[in-house]
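Notes to accompany the following structure.
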Amino acid sequence: MSQEASMFSASDVIVSYSPLTGHDLPVQELPLPADFAWGTATAAYQIEGAASQDGKGKSIWDTYSHLEPSRTNGENADISCDHYNHMPEDVELMASLGVDVYRFSISWSRIIPLGGRNDPINEKGIAFYNDLIDRLLARSIEPVVTLYHWDAPQAIYDRYGAFLDTAEFRADFERYARLCFSRFGDRVKKWVTFNEPYIISIFAHLNGTLAPGHCREAGTDTKTEPWRVGHTIILSHAAVVQMYVDEFQPSQTGEISIVLNGHFYEPYDAASAVDVDAAERRMVFYIGWFADPVFLGTDYPAEMRAYLGARLPEFMPDERALLRRTAPFNAFYGMNHYSTKYARALADPPAEDDWTGNVEETSVNSEGKEIGPASAMGWLRVAPSGFRKLLNWVWNRYHVPVIITENGCPCVGEDDVATAVDDKFRQRYLGLYLDAISRAIYEDGVVVRGYYVWSLMDNYEWSAGYGPRYGIVHVDFKTLKRTPKNSAYYLRDTFKSRRRAAS
Ligand code: PNW
2 MSQEASMFSA
12 SDVIVSYSPL
22 TGHDLPVQEL
32 PLPADFAWGT
42 ATAAYQIEGA
52 ASQDGKGKSI
62 WDTYSHLEPS
72 RTNGENADIS
82 CDHYNHMPED
92 VELMASLGVD
102 VYRFSISWSR
112 IIPLGGRNDP
122 INEKGIAFYN
132 DLIDRLLARS
142 IEPVVTLYHW
152 DAPQAIYDRY
162 GAFLDTAEFR
172 ADFERYARLC
182 FSRFGDRVKK
192 WVTFNEPYII
202 SIFAHLNGTL
212 APGHCREAGT
222 DTKTEPWRVG
232 HTIILSHAAV
242 VQMYVDEFQP
252 SQTGEISIVL
262 NGHFYEPYDA
272 ASAVDVDAAE
282 RRMVFYIGWF
292 ADPVFLGTDY
302 PAEMRAYLGA
312 RLPEFMPDER
322 ALLRRTAPFN
332 AFYGMNHYST
342 KYARALADPP
352 AEDDWTGNVE
362 ETSVNSEGKE
372 IGPASAMGWL
382 RVAPSGFRKL
392 LNWVWNRYHV
402 PVIITENGCP
412 CVGEDDVATA
422 VDDKFRQRYL
432 GLYLDAISRA
442 IYEDGVVVRG
452 YYVWSLMDNY
462 EWSAGYGPRY
472 GIVHVDFKTL
482 KRTPKNSAYY
492 LRDTFKSRRR
502 AAS
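Quick note: the sequence shown uses my numbering, first residue 2, plus one each step.
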């Protein structure tokens, strides 16, 4: 299985750590700016449960997690953390950890059960998010809201294939966004339109490991559809930025942007010019695909146009104008980052639906050196220097203040709460990644405004089910008891002292 396909699969879970050099890197507790924000992050489908409570409609994940045979490790998130019914407790928990920010997503089909622009609104769903936002603000926690974290209403997928029809999706997404701005925007001052367009395009519409799993079956076209999906996301994003700026920002005074994920890539063989090119090309194909049109307001990167030819959709003149107009209004670069990989240029011609730029991704380089110690997921390795380099890469290309909207890792043996709370591996990972941010800020001049750990609590890790646990709080999925792990206290304390050190 390719590294990409295994990213969300239970078969990639590691059961014991192997000792590796580099694991003993010291955490230096380097300073951070006094106004640097620390937050926790979640996504609706992964934590809420209450799959059909209070009139919620089905999303593509409700369908996908119930397929037979299962494509999600036999597990679904019908209940998960049952956050929908434990929300006040979860807000109190965050308050006790001293977080400044909570990044969560709204379930589109909870507030518009059928999703479409003429479909009815579910007031009970709206009431849930109003209550959540009010409770956060009462505890001085800033809500940062993602409109789309992977759970498209099933009805719009049934009607027109969701992202596969740009005009239909854009119109429905605009209505959904307008509803959110008008009902929540008096109190929500930071909006994210889409979480990780790369993953939506490639994992859900090419290799098919995430819902709707649209791939390699009758009537699908993996050569063009992932790029159509990306195109839909970019244009829907820009349209909603324009709407927010025109209709809501003057009175609500909030900010809006998008969240992009991406690894840093080192060359497989540092002495090989083609591998050095491959590493750069992989980042352009991964990140530049979305970030160039969104933040620069330009066409797709020239390398992508040249390589993909007619597989890549064109922006029409009015769409180019929309991109140019809205680019400067993206107030921050939301970065989800977990790990670094090696990139190796492939000599053979690529598959006809290749999406990588003909690059192979590995965790071991030409000299047999591992990129870093593996977490409980084989692909997720501790490589903080790659994180610092990625921060520089993004800053140099886009010059937009960065917010780390997700970063974290799962540890080995975390089912058992007694083992889980002593999460030294995670504390080390988080400490090193915060040091990397500090170096990027103070030594390299990158502007980074905040850090939201993934995740507030253990939750449903998509196709990998409940196997990998990313939480700083342990959840017992039988009793739903929440128990903070030591990393939760580590983050509370390290932000206190690092920020004091900086001021
Ligand atoms: C993110 N990668 O997904 C998602 O936003 C979360 O919902 C998810 O639970 C979390 O990270 C952990 O997996 C990722 O390619 C998608 O490196 C892709 C990658 C990493 C995370």
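Ideal placement from N, C-alpha and C gives every residue a C-beta, glycine not left out.
Residue state for residue 245 is assigned as helix, using DSSP reduced to three classes.
A straight line joining the alpha-carbon of residue 450 with that of residue 402 spans about 7 Å.
Of all C-beta pairs linking the segment 456 to 463 to the segment 89 to 103, three or more are shorter than 8 Å, placing the two stretches in contact. When the Cα atoms are used, residue 290 and residue 469 turn out to be separated by approximately 29 Å. Annotation: residue 113 to residue 373 spans about 44 Å, alpha carbon to alpha carbon. For residue 199, the uninterrupted alpha helix (DSSP H) segment begins and ends at 198 to 206. The C-alpha of residue 239 is placed about 22 Å away from the C-alpha of residue 407.
Contact between the segment 184 to 194 and the segment 240 to 251 is present: 3 or more CB-CB pairs across the two stretches fall below 8 Å.
Looking at the backbone, the Cα of residue 147 and that of residue 335 are separated by about 11 Å. Residue 227 is positioned such that its CB atom lies no closer than 9 Å to that of residue 259. Look at residue 192 here: in three-state DSSP terms it is strand. Pairing residue 464 with residue 83, the inter-Cα distance amounts to about 19 Å. Rounded to the nearest whole angstrom, the C-alpha separation of residue 425 and residue 61 is 36 Å. Residue 197 has its CB nearer than 8 Å to a heavy atom of the ligand PNW.
At least 9 Å separates the beta-carbon of residue 316 from that of residue 309.
Per DSSP, the unbroken beta strand (DSSP E) holding residue 106 starts and ends at 102 to 106. For residue 160, there are no CB contacts under 6 Å within the same chain when 5 residues up- and downstream are skipped.
Residue environment analysis places residue 254 among the exposed positions, since fewer than 16 neighbouring C-beta atoms fall within 10 angstroms of its C-beta. Under DSSP, the beta-bridge partners assigned to residue 451 are 38 and 404. For residue 119, the closest C-alpha among the options 127, 381, 379 and 180 is that of 180. In this structure the segment 10 to 19 touches the segment 406 to 422; the number of beta carbon pairs closer than 8 Å is three or more.
By the neighbour-count definition (other C-beta atoms within 10 Å, threshold 16), residue 447 is a buried residue. Counting along the chain, the unbroken alpha helix (DSSP H) around residue 86 starts and ends at 84 to 98. Using a cutoff of 8 Å, the CB of residue 305 does not count as near the ligand PNW, since none of the ligand's heavy atoms is closer than that. The shortest C-alpha to C-alpha distance from residue 501 to any of 381, 297, 30 and 78 is the one to 30. For residue 275, the enclosing alpha helix (DSSP H) stretches over residues 274 to 284. Straight-line spacing of the CA atoms in residue 442 and residue 333 works out to 15 Å. Beta-bridge partners of residue 143 (DSSP): 102.
Sequence-distant Cβ neighbours of residue 497 in its own chain, meaning closer than 8 Å and more than five residues away, are 99.
Residue 305 sits in a helix when the DSSP states are folded into three classes. The shortest CA-to-CA distance from residue 421 to any of 369, 221, 477 and 293 is the one to 477. For residue 212, the CB stays at least 8 Å from every heavy atom of the ligand PNW. For residue 360, the secondary structure class from DSSP, reduced to helix, strand or coil, is strand. Buried is the label assigned to residue 495, since at least 16 other Cβ atoms lie within 10 Å of its Cβ. Using a cutoff of 8 Å, the CB of residue 9 counts as near the ligand PNW, since one of the ligand's heavy atoms is closer than that. Distance from residue 354 to residue 133 at the Cβ level is roughly 41 Å; contact not present, criterion being Cβ atoms closer than 8 Å.
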